[in-house]
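Residue numbers (our numbering): 40 to 223.
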């Protein structure tokens, strides 16, 4: 009899926890929503700046990196971004425009005297935060490239999501930069 009561209490606790989690997800970015739960569990969603020259990838691989070997000599990149036929300042504007058009993505830091910006991009349902760090790399007169590093807090979402986001960002930026370079 006592075992049955304990099992029922455990079931009630599990159902209450699931109901609270569902409510938090439904509230999203509202007070008491899943974003506050992530902050309480994992800390602030912005994981801070990246020193691309000294970057070493995380063993968990809950990240994705697009970077040229001369910019990230210590890290194996998932992709090498091209050199674009646009000036660095313009490429930074293109990246910012692309990021602003991405759902659930917000600029959280811009380096006024440097070339690095950070965004927090969240997944659709659970609103798991990724920190997206972009640094513009000058490649000579009227040419530039970038380094793009996406890090997930505690592996949320799965690494494949970070890589998919990396590919989407690179494709969108390349399309916008390529359109501009053919106009000139």
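Virtual Cβ for every residue (Gly too), placed ideally from N, Cα, C.
Computed from a predicted model, the values in this text were never measured in an experiment.
Presumed contact (8 Å Cβ cut-off) between residue i and residue j, rounded CB distance
i, j, result
"residue 185", "residue 174", "6 Å"
"residue 137", "residue 110", "The Cβ separation is near 20 Å, so there is no contact."
"residue 201", "residue 101", "7 Å"
7 Å CB neighbourhood of residue i in its chain, flanking five on each side removed
i, result
"residue 216", "123, 125, 130 and 133"
Nearest residue (CA-CA) to residue i, options the options
i, options, result
"residue 34", "180, 187 and 161", "Coverage of the chain is limited to positions 40 through 223, which leaves residue 34 absent and any answer about it impossible."
"residue 143", "167, 127, 121 and 155", "167"
"residue 183", "94, 214 and 128", "128"
"residue 141", "180, 207, 48 and 80", "207"
"residue 176", "192, 139, 42 and 153", "153"
"residue 192", "179, 79 and 41", "79"
Contact set for residue i: own chain, Cβ-Cβ below 6 Å, skip 5 residues either direction
i, result
"residue 119", "107"
Three-state secondary structure assigned by DSSP to residue i
i, result
"residue 35", "Nothing can be reported for residue 35, as the shown portion of the chain is limited to 40 through 223."
"residue 190", "strand"
"residue 209", "helix"
"residue 44", "helix"
"residue 215", "helix"
"residue 143", "coil"
"residue 162", "coil"
"residue 157", "strand"
"residue 115", "coil"
"residue 134", "helix"
"residue 185", "strand"
"residue 105", "strand"
Contact set for residue i: own chain, Cβ-Cβ below 8 Å, skip 5 residues either direction
i, result
"residue 159", "84, 85, 144, 145, 147, 168, 169, 170 and 171"
"residue 121", "184 and 213"
"residue 203", "none"
Cβ-Cβ distance between residue i and residue j below 8 Å
i, j, result
"residue 150", "residue 205", "no"
"residue 114", "residue 104", "yes"
"residue 88", "residue 155", "yes"
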